[in-house]
Amino acid sequence: MSPRVTASSEHPAAVPAHQLRAALADYTGARRAAMPGAYSQYRVEAGGTGPGTTVGWRFQATKSRVREQLVEVSEEPDGTLVESDTRSSMVTRWTVVPTGMSACTVSSTTTWDGAGGVKGFFERTFAPLGLKRVNTELVANLERALKG
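Structure below.
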(Lines of atoms letter the chains of each structure in order from A and count residues from 1; the text may use other names and numbers.)
(Lines give C-alpha, C1' and ligand atoms only; values in the text may rest on other atoms or scores of the structure.)
Protein backbone atom coordinates (compact mmCIF):
# COMPACT_ATOMS: atom_id res chain seq x y z
CA MET A 1 0.00 0.00 0.00
CA SER A 2 1.30 3.44 -0.95
CA PRO A 3 1.79 6.07 1.75
CA ARG A 4 -0.89 8.77 1.77
CA VAL A 5 0.23 12.33 1.00
CA THR A 6 -1.78 15.28 2.31
CA ALA A 7 -1.40 18.94 1.42
CA SER A 8 -3.55 21.36 3.43
CA SER A 9 -3.66 25.13 3.53
CA GLU A 10 -5.83 28.10 4.41
CA HIS A 11 -6.17 31.22 2.31
CA PRO A 12 -7.78 34.40 3.71
CA ALA A 13 -9.73 36.49 1.19
CA ALA A 14 -11.28 39.95 1.48
CA VAL A 15 -14.48 39.11 -0.43
CA PRO A 16 -17.80 37.66 0.75
CA ALA A 17 -17.77 33.88 1.17
CA HIS A 18 -20.74 33.29 -1.15
CA GLN A 19 -19.02 35.19 -3.98
CA LEU A 20 -15.72 33.36 -3.62
CA ARG A 21 -17.41 29.98 -3.39
CA ALA A 22 -19.46 30.71 -6.52
CA ALA A 23 -16.30 31.77 -8.39
CA LEU A 24 -14.46 28.65 -7.23
CA ALA A 25 -17.30 26.48 -8.58
CA ASP A 26 -17.57 28.39 -11.90
CA TYR A 27 -15.39 26.14 -14.05
CA THR A 28 -16.41 27.75 -17.37
CA GLY A 29 -15.75 31.35 -16.34
CA ALA A 30 -14.05 32.59 -13.18
CA ARG A 31 -12.13 29.42 -12.41
CA ARG A 32 -10.81 29.04 -15.97
CA ALA A 33 -9.54 32.65 -15.94
CA ALA A 34 -7.95 32.33 -12.49
CA MET A 35 -6.00 29.08 -12.97
CA PRO A 36 -2.30 29.51 -12.13
CA GLY A 37 0.42 28.91 -14.72
CA ALA A 38 1.02 25.38 -13.40
CA TYR A 39 -2.20 24.40 -15.23
CA SER A 40 -2.58 24.13 -19.01
CA GLN A 41 -4.85 22.47 -21.57
CA TYR A 42 -7.87 23.42 -19.44
CA ARG A 43 -11.18 22.12 -20.75
CA VAL A 44 -14.70 21.61 -19.41
CA GLU A 45 -16.08 18.27 -20.59
CA ALA A 46 -19.46 18.29 -18.83
CA GLY A 47 -21.50 20.71 -16.75
CA GLY A 48 -19.55 23.81 -15.90
CA THR A 49 -20.81 25.01 -12.54
CA GLY A 50 -20.37 23.06 -9.32
CA PRO A 51 -21.44 19.43 -8.81
CA GLY A 52 -21.74 17.36 -11.96
CA THR A 53 -18.92 19.20 -13.71
CA THR A 54 -16.15 17.23 -15.37
CA VAL A 55 -13.05 19.28 -16.14
CA GLY A 56 -9.65 18.32 -17.46
CA TRP A 57 -6.26 19.96 -17.28
CA ARG A 58 -2.57 19.32 -17.34
CA PHE A 59 -0.95 20.06 -13.98
CA GLN A 60 2.80 20.70 -14.06
CA ALA A 61 3.77 20.03 -10.44
CA THR A 62 7.52 20.30 -11.13
CA LYS A 63 9.72 20.55 -14.22
CA SER A 64 9.66 16.77 -14.54
CA ARG A 65 6.29 15.90 -12.93
CA VAL A 66 3.16 16.39 -15.03
CA ARG A 67 -0.29 15.03 -14.21
CA GLU A 68 -2.96 14.70 -16.90
CA GLN A 69 -6.08 15.09 -14.78
CA LEU A 70 -9.75 14.53 -15.48
CA VAL A 71 -11.64 15.81 -12.46
CA GLU A 72 -15.23 15.10 -11.42
CA VAL A 73 -16.78 17.71 -9.14
CA SER A 74 -19.16 16.88 -6.31
CA GLU A 75 -20.36 18.66 -3.19
CA GLU A 76 -20.54 17.52 0.41
CA PRO A 77 -23.59 18.36 2.58
CA ASP A 78 -21.69 21.23 4.25
CA GLY A 79 -21.01 22.89 0.87
CA THR A 80 -17.44 21.65 0.52
CA LEU A 81 -16.51 21.41 -3.16
CA VAL A 82 -14.80 18.07 -3.93
CA GLU A 83 -12.60 17.53 -7.01
CA SER A 84 -11.78 13.86 -7.63
CA ASP A 85 -9.25 12.96 -10.31
CA THR A 86 -10.61 9.98 -12.24
CA ARG A 87 -7.09 9.02 -13.36
CA SER A 88 -5.46 8.85 -9.93
CA SER A 89 -6.20 8.78 -6.22
CA MET A 90 -5.92 12.60 -5.95
CA VAL A 91 -8.86 14.36 -4.27
CA THR A 92 -9.04 18.07 -3.42
CA ARG A 93 -11.61 19.52 -1.01
CA TRP A 94 -12.34 23.26 -1.02
CA THR A 95 -14.20 24.78 1.94
CA VAL A 96 -15.14 28.47 2.10
CA VAL A 97 -16.05 29.85 5.55
CA PRO A 98 -17.23 33.43 6.18
CA THR A 99 -15.08 35.45 8.58
CA GLY A 100 -17.20 38.60 8.36
CA MET A 101 -19.61 40.32 5.97
CA SER A 102 -16.96 40.78 3.28
CA ALA A 103 -14.24 38.29 4.15
CA CYS A 104 -13.73 34.55 4.23
CA THR A 105 -11.18 31.80 4.62
CA VAL A 106 -10.72 29.21 1.91
CA SER A 107 -9.33 25.86 3.07
CA SER A 108 -7.95 23.35 0.61
CA THR A 109 -6.96 19.78 1.40
CA THR A 110 -5.52 17.51 -1.28
CA THR A 111 -4.77 13.83 -0.66
CA TRP A 112 -3.32 11.10 -2.87
CA ASP A 113 -1.43 7.83 -2.72
CA GLY A 114 2.24 8.72 -2.90
CA ALA A 115 5.36 6.89 -3.88
CA GLY A 116 7.32 4.72 -1.47
CA GLY A 117 10.97 4.83 -0.52
CA VAL A 118 13.25 7.82 -1.00
CA LYS A 119 11.13 9.19 -3.84
CA GLY A 120 8.09 9.07 -1.56
CA PHE A 121 9.96 10.87 1.22
CA PHE A 122 10.70 13.78 -1.11
CA GLU A 123 7.12 13.75 -2.44
CA ARG A 124 5.65 13.90 1.09
CA THR A 125 8.13 16.65 2.02
CA PHE A 126 7.95 18.97 -1.00
CA ALA A 127 4.68 18.33 -2.87
CA PRO A 128 2.51 19.84 -0.10
CA LEU A 129 4.56 23.06 -0.26
CA GLY A 130 4.11 23.30 -4.02
CA LEU A 131 0.37 22.65 -3.85
CA LYS A 132 -0.03 25.25 -1.12
CA ARG A 133 1.69 27.81 -3.35
CA VAL A 134 -0.49 26.94 -6.38
CA ASN A 135 -3.74 26.92 -4.38
CA THR A 136 -2.86 30.23 -2.73
CA GLU A 137 -2.28 31.72 -6.19
CA LEU A 138 -5.65 30.41 -7.41
CA VAL A 139 -7.53 31.94 -4.47
CA ALA A 140 -5.62 35.25 -4.85
CA ASN A 141 -6.51 35.34 -8.56
CA LEU A 142 -10.19 34.72 -7.80
CA GLU A 143 -10.17 37.37 -5.07
CA ARG A 144 -8.52 39.90 -7.41
CA ALA A 145 -11.11 39.20 -10.14
CA LEU A 146 -14.01 39.57 -7.70
CA LYS A 147 -12.69 42.89 -6.41
CA GLY A 148 -12.49 44.09 -10.03
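Residue 128 is where the sequence shown starts when you use the working numbering, and the numbers rise one by one after that. Just so you know, even glycine gets a beta-carbon here, dropped at the ideal spot from N, CA and C.
Asked: The beta strand (DSSP E) enclosing arginine 220, as first and last residue numbers; Found: 218 to 227
Asked: Bridge partners - proline 139, DSSP secondary structure assignment; Found: Thr232
Asked: Beta-carbon spacing of leucine 197, threonine 213 below 7 Å; Found: yes
Asked: Which listed residue (Thr232, Gly275, Thr219) has its alpha carbon closest to that of valine 351; Found: Nothing in the structure corresponds to residue 351, since the chain is present only between 128 and 275.
Asked: Cβ-based burial, leucine 147 [other Cβ within 10 Å; buried from 16]; Found: buried
Asked: Residue nearest to methionine 217 in terms of C-alpha spacing, selected from Ala144, Ala254, Ala150, Gly227; Found: Ala254
Asked: Valine 171 beta carbon less than 7 Å from that of threonine 155; Found: yes
Asked: Length of the line joining the Cα atoms of tryptophan 184 and glutamate 202; Found: 20 Å
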